[in-house]
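As structure tokens, the structure follows; a few thoughts come after it.
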Amino acid sequence: MPDAALLARLAAAVDANFEKEVSFLADLVKFPSTRGNEAPLQDWMARQLAARGYGVDRYTLAEVPLAAHPKASPMVDASSATSVQVVATHRAANPTGRSLILQGHIDVVPEGPTEMWTYPPYSATIKDGWMYGRGAHDMKSGVAAMIFAMDALKTAGLEPAADVHVQTVTEEESTGNGALSTLVRGYRAEAALIPEPTGGTITRAHTGTLWFRIKVRGVPVHVAVAQSGSNAIMSAYHLIQALQAHTVTLNEAAKRNEWYAGIDSPLKFNPGIIRGGDWASSTPAWCEVDCRIGLLPGADVAEIQRGVERCVDQAAKTDNFLANNPPLVEWHGFLADGYVLEPGTEAEAVLAAAHAQVFGAAMPARITTAVNDTRFYGLYFGIPGLCYGPKGEGAHGFDERTSLDHLKQTTLSIAAFIADWCGARPLG
Ligand SMILES: [Zn+2]
Numbered sequence: 189m190p191d192a193a194l195l196a197r198l199a200a201a202v203d204a205n206f207e208k209e210v211s212f213l214a215d216l217v218k219f220p221s222t223r224g225n226e227a228p229l230q231d232w233m234a235r236q237l238a239a240r241g242y243g244v245d246r247y248t249l250a251e252v253p254l255a256a257h258p259k260a261s262p263m264v265d266a267s268s269a270t271s272v273q274v275v276a277t278h279r280a281a282n283p284t285g286r287s288l289i290l291q292g293h294i295d296v297v298p299e300g301p302t303e304m305w306t307y308p309p310y311s312a313t314i315k316d317g318w319m320y321g322r323g324a325h326d327m328k329s330g331v332a333a334m335i336f337a338m339d340a341l342k343t344a345g346l347e348p349a350a351d352v353h354v355q356t357v358t359e360e361e362s363t364g365n366g367a368l369s370t371l372v373r374g375y376r377a378e379a380a381l382i383p384e385p386t387g388g389t390i391t392r393a394h395t396g397t398l399w400f401r402i403k404v405r406g407v408p409v410h411v412a413v414a415q416s417g418s419n420a421i422m423s424a425y426h427l428i429q430a431l432q433a434h435t436v437t438l439n440e441a442a443k444r445n446e447w448y449a450g451i452d453s454p455l456k457f458n459p460g461i462i463r464g465g466d467w468a469s470s471t472p473a474w475c476e477v478d479c480r481i482g483l484l485p486g487a488d489v490a491e492i493q494r495g496v497e498r499c500v501d502q503a504a505k506t507d508n509f510l511a512n513n514p515p516l517v518e519w520h521g522f523l524a525d526g527y528v529l530e531p532g533t534e535a536e537a538v539l540a541a542a543h544a545q546v547f548g549a550a551m552p553a554r555i556t557t558a559v560n561d562t563r564f565y566g567l568y569f570g571i572p573g574l575c576y577g578p579k580g581e582g583a584h585g586f587d588e589r590t591s592l593d594h595l596k597q598t599t600l601s602i603a604a605f606i607a608d609w610c611g612a613r614p615l616g
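Written out as structure tokens, the structure is:
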């Protein structure tokens with residue numbers, strides 16, 4: 189644990205830089221970095237990190253042999269291949285401490301109808317100590333925190349005594365391939381911290397996520413004789429209902445899970461996008477539904493996939509048209525495992541000590557029903573994946589916002605964690 193004098197130095201540095209941190213976060217939020225549109229932000233980020241003296245590796249997913257890794261997810265569309273990743277490295281001369289990866293995703297989900305927002309979603313408006321905007325909370329606040337935690341050491345006249353990779357990735361909201369690409373490219377450390385907005389809690393467990401697209405056909409006829417056609421949208425609705433029932437069954441089994449037993453219906457099924465039909469007075473000849481379903485840590489991805497396919501198959505057999513024209517199920521994104529950060533790692537103990545020092549209270553653990561990128565580190569590369577970050581509200585919703593006070597404290601606790609985990613020595 190950093191001693192009181194060191195913590196005070198870091199706190200003074202975080203304070204001194206905080207105005208810059210808030211304006212950095214506002215700049216981040218002003219980039220509408222939805223999937224396929226992240227490059228301008230990543231190019232800007234690469235310049236910001238290079239200006240701090242880091243060695244910067246900026247590359248696209250197409251430059252990494254991702255497909256060779258069994259845990260790469262199918263790319264959603266062609267835009268993924270050119271998706272830009274940034275790894276900035278502090279290389280310690282004669283490292284004596286433990287190395288660290290700090291990673292945040294800069295992709296955000298679409299903002300939806302803007303008239304439903306109190307402030308425009310990419311305006312980064314500040315009101316009463318909160319910054320509003322798409323991504324302000326999930327997770328550009330965490331990205332600002334990790335970068336300014338490193339800056340705090342420097343402002344305090346210090347540097348980490350071990351290598352630190354500061355990584356901004358894409359695809360967190362759709363496949364996780366951005367995070368995986370950094371590992372396939374060869375970046376490693378003794379711990380990874382992903383400052384997702386957890387409100388100062390450590391993520392003990394996260395569920396996995398699968399994406400699939402159901403494609404349904406119909407028979408188009410004039411609606412005047414609808415009984416002689418087949419309505420693909422209604423057929424899709426029938427399949428959605430079957431998948432809802434399937435999810436109830438999965439959640440029954442979740443009641444016996446070590447980590448999720450205490451959470452009501454932790455596995456969420458969501459039909460998230462629907463497309464179909466061509467004319468209001470024709471029975472629709474086609475319908476596609478993009479869906480998401482959760483799975484428990486330890487569940488076998490392939491087995492959950494087969495369960496979904498079986499469910500759709502069986503539901504189709506009870507429909508006259510679908511029985512002879514079976515719907516297709518395509519896996520078009522996330523094939524993500526759940527992950528448990530097993531209690532007792534040294535990395536978590538060091539983070540907990542830093543948190544307690546800054547917040548004056550023990551670091552609580554949370555169990556989440558969403559996915560994050562720590563799974564790649566923890567499950568496939570033997571690197572403890574800590575998911576811990578600032579406080580906010582409204583992830584994926586209207587009026588998403590982050591608490592600036594909490595952001596400042598989190599920046600300090602991450603700085604204290606870095607100083608302890610990596611060791612801090614006078615800037616050389
Ligand atoms: Zn996130």
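In the working numbering, the protein residues as written are 189 to 616.
Each residue gets a CB set at the ideal place from its N, CA and C atoms; glycine is no exception.
Opposing strand residues paired with residue i [DSSP bridges]
i: T356; result: V274, G292
i: P459; result: C479
i: V517; result: I402
i: W447; result: DSSP lists no partner for W447.
i: L510; result: L510 pairs with nothing; no bridge assigned.
i: H617; result: Outside the modelled stretch of the chain, which goes from 189 to 616, sits residue 617, for which no answer is possible.
i: Y629; result: Beyond the ends of the chain as shown, which are 189 and 616, falls residue 629; an answer cannot be given.
i: W474; result: R405
Classification of residue i by the beta-carbon crowding that lies within 10 angstroms, buried from 16 upward
i: E251; result: exposed
i: R392; result: buried
i: M304; result: exposed
i: H410; result: exposed
i: D658; result: Shown here, the chain extends from 189 to 616; a query on residue 658 therefore has no answer.
i: Q291; result: buried
i: K596; result: buried
i: D507; result: buried
i: R235; result: exposed
i: T302; result: exposed
i: S469; result: exposed
i: S416; result: exposed
i: V559; result: buried
i: D452; result: exposed
i: K315; result: exposed
i: G548; result: exposed
i: T437; result: exposed
i: T306; result: exposed
Whole-angstrom distance between residue j and residue i, CA atom to CA atom
i: S211; j: V517; result: 45 Å
i: C575; j: W467; result: 47 Å
i: F605; j: M551; result: 13 Å
i: T358; j: M327; result: 11 Å
i: T313; j: G241; result: 30 Å
i: P614; j: S369; result: 33 Å
i: P228; j: S221; result: 8 Å
i: G396; j: A340; result: 34 Å
i: E207; j: R246; result: 27 Å
i: P385; j: N513; result: 45 Å
i: A511; j: A379; result: 51 Å
i: T248; j: S271; result: 5 Å
i: H426; j: G566; result: 39 Å
i: V489; j: C479; result: 15 Å
i: L523; j: A414; result: 38 Å
i: P454; j: W447; result: 10 Å
i: W474; j: P572; result: 46 Å
i: M334; j: P459; result: 34 Å
i: D295; j: A412; result: 46 Å
i: R494; j: V404; result: 18 Å
i: L198; j: P531; result: 28 Å
i: I461; j: R401; result: 9 Å
i: T590; j: K579; result: 6 Å
i: A239; j: C499; result: 53 Å
i: P472; j: P262; result: 29 Å
First through last residue of the alpha helix (DSSP H) which encompasses residue i
i: Y425; result: 420 to 442
i: W609; result: 592 to 610
i: H543; result: 534 to 547
i: A234; result: 227 to 239
i: A196; result: 192 to 218
Residue range of the beta strand (DSSP E) that includes residue i
i: V244; result: 243 to 248
i: I492; result: No beta strand (DSSP E) holds I492; the alpha helix (DSSP H) holding it covers 489 to 505.
i: L574; result: 573 to 575
i: L381; result: 380 to 382
i: A255; result: No beta strand (DSSP E) holds A255; DSSP gives it neither H nor E.
i: R279; result: Premise fails: R279 is in no beta strand (DSSP E) and is neither H nor E.
i: A553; result: 553 to 556
Practice task
Only counting runs of 4 or more residues, tell me where the alpha helix (DSSP H) segments fall wholly within the region 304 to 375, in order along the chain.
Solution key: Within the region 304 to 375, the complete alpha helix (DSSP H) segments at least 4 residues long are 329 to 343, 365 to 372, listed from N- to C-terminus.
Exercise for the section: Quick one: residues with CB closer than 6 Å to any heavy atom of ligand 2, in chain order, please. Expected result: Of the ligands one can find in the structure shown, namely ligand 1, none is ligand 2.
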